[in-house]
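Residue numbers for the sequence shown follow this note's numbering, so the first one is 237 and each next one is one higher. Every residue gets a Cβ at the ideal spot worked out from N, C-alpha and C, and that includes glycine. Have a look at the structure below, then the notes.
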Amino acid sequence: MCRLKPLTPASARILPMLENSIFPAFLLLGAVAFFAAAPPALVSQQPSPPPSPAPAPARPLYSPFREFHVDQECRLLPDPAHPVIGKKKPRLRADPVICHLETVAHSEHMEETIVGDELRRNLVRITEQEYVVQNITTEHVVFVVHQFVPQGWNVDSDPQPAEVKGQTAIFRVHADAGQIVRLHVGLRHTSPLRSKLIKASQ
């Protein structure tokens, strides 16, 4: 049978000191073990920042003067009222959002008329295309369409050009902010053929 010995005065003084030093040590070891085993979501309570959106593609500022000049291929031309200084010609840009072509067609047919006892014939060639322009700005703009007209051809469509400079027919199309407008342009070429005599009926 084991008997407990009474504490001596020296042991009675040391025991509280051991209790005060061992208990905090156990608390510290428990906290370290908890954070080592805890998942990252518990350790870090701050939410991760959302991914930054991809930058939008930059669109060149084609017309700071509220006019878009395009040629017969819908290529953007420099504004003639504000020429670019330099010896090199500016590179023409194409932007299908601003201007593109639809219904490009070529055809030919024979036209015949009777004048007196003659049958006069003409071979007629028609070329036509439709411009589709869109105002991508927030203000009213004017599209100035420069349509090249070859020698011997003439514009055969409605509307007629606002003006003609040499072999270039110029159309002006107004468009409000975000508006899409269509312009039909037709060209006509007439080639006279040899006439035929018409025999009088018996």
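- Between the beta-carbon of Val421 and that of Ile372 there is about 22 angstroms, and that puts the pair past the 8 angstroms contact cut.
- Pairing Asp307 with His382 gives a Cβ-Cβ distance under 8 angstroms.
- Contact check for Arg424 against Val360 passes: the beta carbons are separated by less than 8 angstroms.
- Taking Arg356 as the centre and dropping the five residues before and after it, the same chain places the C-beta of Thr349, Ser431 closer than 6 angstroms to its C-beta, in chain order.
- Counting other Cβ atoms within 10 Å of its Cβ, Ser343 stays below 16 and is therefore classed as exposed.
- If you ignore the 5 residues before and after Gln415, its C-beta comes within less than 8 angstroms of the C-beta of Gln370, Asn371, all in its own chain and listed in chain order.
- Bounds of the beta strand (DSSP E) holding Ser427 are 416–428.
- DSSP links Cys335 through a beta bridge to Val369.
- Cβ atoms of Asp315 and Leu433 stay farther apart than 8 angstroms, at about 57 angstroms.
- Where Val391 is concerned, the enclosing beta strand (DSSP E) starts and stops at 389–391.
- In this structure, the straight-line span from the alpha carbon of Glu364 to that of Ala341 is close to 5 angstroms.
- Counting of Cβ neighbours within 10 angstroms places Val351 among the exposed residues, the total staying below 16.
- Per DSSP, the unbroken beta strand (DSSP E) holding Arg408 starts and ends at 404–411.
- Per DSSP, the continuous beta strand (DSSP E) segment holding Lys401 begins and ends at 399–401.
- When the beta-carbon positions are compared, Tyr367 and Leu337 come within less than 8 angstroms of each other.
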